[in-house]
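In our numbering, the protein residues as written are 1 to 282. Structure, as structure tokens:
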Amino acid sequence: MSHQIMIRPLEWSIRPAAAPIWVGYVDLDRGARVWGAIRSSARAEGTSPTLSHAVRACAAAMSAVGAGFAMTRDGGAWEPLLASGPEAAELDEVQFTLGEGPSCDALRRGTPVLESDLAGLGAGRRWPAFTATATERGIAAAFAFPIGVGAARIGVLTVYRTERGPLPGELLQDALVYSDAVLVLALDDRVGAGTDPEQAVSAAFSNRRAEVHQATGAVAAQLDVSVTDALARLRAHAYSSGQTLQEVAAAVMAGELHFEIDHTEPRTKETDSQHGEQQEDS
């Protein structure tokens, strides 16, 4: 028989050293099943459980095409960190590039975003570019769960399914427990037990996207616009050109891509060369 005690609220603070105590506050059967799946994934590789194992086990348990985990600092700047497979990695990257989607909203609100029909009008109004991209790839539903440490948010776990419809109650409860397991392992993998949560967030946040922030600042200074507007220009070009935001940022920092105030499309070295040839022909 299941011994239902209580599910730990998402906003509670927990440190890796407290994991054995935390397990005692959840449905014991559910917690044992979730951690058992994570350990099984780790045993298959001959290692101890890690964040990656938790994300992959979650995807399998949700009958999902994949799941992804993105890191954030205080619910602001964020970046995809790892995924269960290439499909989820690409969808997380699309959200990062576009700046819209269930993961973005879950991080901003600090509450789960459960979208059961990405082809529906509601989802299309909220995330027009993301839903178009996701449905083209056969993704019908997405469920994003913010991961928190006290008042701070360290990331979001997003599950992508090809089946339209809400997560059944049992799977939804499992997803919440997987979210808590991700929290424990995210801290444990990077900073170990006993570390202050604020330090944990800073230590866990990856620097892989530094180039994006540098490029945003460069475009903002070049066009004399806000950082928000500069990032919007970068994202618009990434979406229209079929590139990732990372690739566009790299081109800006390498001097291969230039934005102009009076032009809708930015200049590249190739277009500059073509422009020069046209002037010579004339």
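Don't be surprised by glycine CBs; every beta carbon is placed ideally from N, CA and C.
Check: Under a three-way DSSP split, which group does Thr72 fall into?
Finding: strand
Note to self: Can you look up Leu118 in the DSSP assignment and give me helix, strand or coil?
What the structure shows: coil
Next item on the list: Evaluate the contact criterion for the region 242-256 versus the region 133-152: three or more CB pairs, one atom per stretch, below 8 Å.
Entry: no
Notebook entry, point to check: Going along the chain, which residues of its own chain have a beta-carbon closer than 8 Å to the beta-carbon of Ala42, five neighbours each way excluded?
Noted result: Ser48, Pro49, Thr50, His53
Notebook entry, point to check: Between Leu171 and Ala67, what straight-line distance do the alpha-carbon atoms span, to the nearest angstrom?
Noted result: 14 Å
Next item on the list: Could you name the residues of the same chain whose beta carbon sits closer than 6 Å to that of Ala221, not counting the 5 residues immediately before and after it, in chain order?
Entry: none
Item checked: Helix, strand or coil at Ala152 [DSSP, three-state] -> strand
Next item on the list: Look at Val55 and Ala106 and say whether their C-beta atoms are less than 8 Å apart.
Entry: no
Next item on the list: Note the first and the last residue of the continuous beta strand (DSSP E) segment covering Glu79.
Entry: 78-83
Next item on the list: Look up Ile38 in the DSSP assignment and say whether it is helix, strand or coil.
Entry: helix
Check: What are the partner residues of Tyr160, as DSSP defines its beta bridges?
Finding: Gly66, Ala142
Checklist line | Of the residues Val184, Pro80, Asp92, Arg109, the one placed nearest Ile139, counting alpha carbons only | finding: Asp92
Note to self: Taking the beta carbon of Met62 as the centre, do at least 16 other beta carbons fall within 10 Å, making it buried, or is it exposed?
What the structure shows: buried
Checklist line | Delimiting residues of the alpha helix (DSSP H) encompassing Thr133 | finding: 128-136
Next item on the list: Just tell me which of Ala77, Ala57, Leu82, Ala60 has its CA closest to the CA of Phe69.
Entry: Leu82
Check: For Thr351, which residues of its own chain have a beta-carbon under 7 Å away from its beta-carbon, when the five flanking residues on both sides are left out?
Finding: For the chain, the structure presents residues 1 to 282; residue 351 sits outside this window and is missing.
Margin query: Here's the rule I'm using: 16 or more other beta-carbon atoms within 10 Å means buried, otherwise exposed. How should Thr158 be labelled?
Written below: buried
Next item on the list: Note the first and the last residue of the continuous alpha helix (DSSP H) segment covering Thr97.
Entry: 86-98
Next item on the list: Could you tell me whether the Cβ atoms of Trp127 and Gly101 are closer together than 8 Å?
Entry: yes
Check: Where does Val219 sit, in a helix, a strand or coil, going by DSSP?
Finding: helix
Next item on the list: Look at the alpha carbon of Arg137 and the alpha carbon of Val227, and state the distance between them as a whole number of angstroms.
Entry: 31 Å
Check: Going by alpha carbons, who is nearest to Phe143 out of Ala129, Glu163, Leu223, Arg153?
Finding: Glu163
Margin query: Just verifying my parser: in three-state terms, what is the DSSP assignment at Ala193?
Written below: Legend: pLDDT at Ala193 = 39, less than 50; position of this residue unreliable, no value from coordinates given.
Note to self: Quick check on Leu257: does DSSP put it in helix, strand or coil?
What the structure shows: strand
Item checked: Pair within 8 Å by beta-carbon distance, Leu121 and Thr131 -> no
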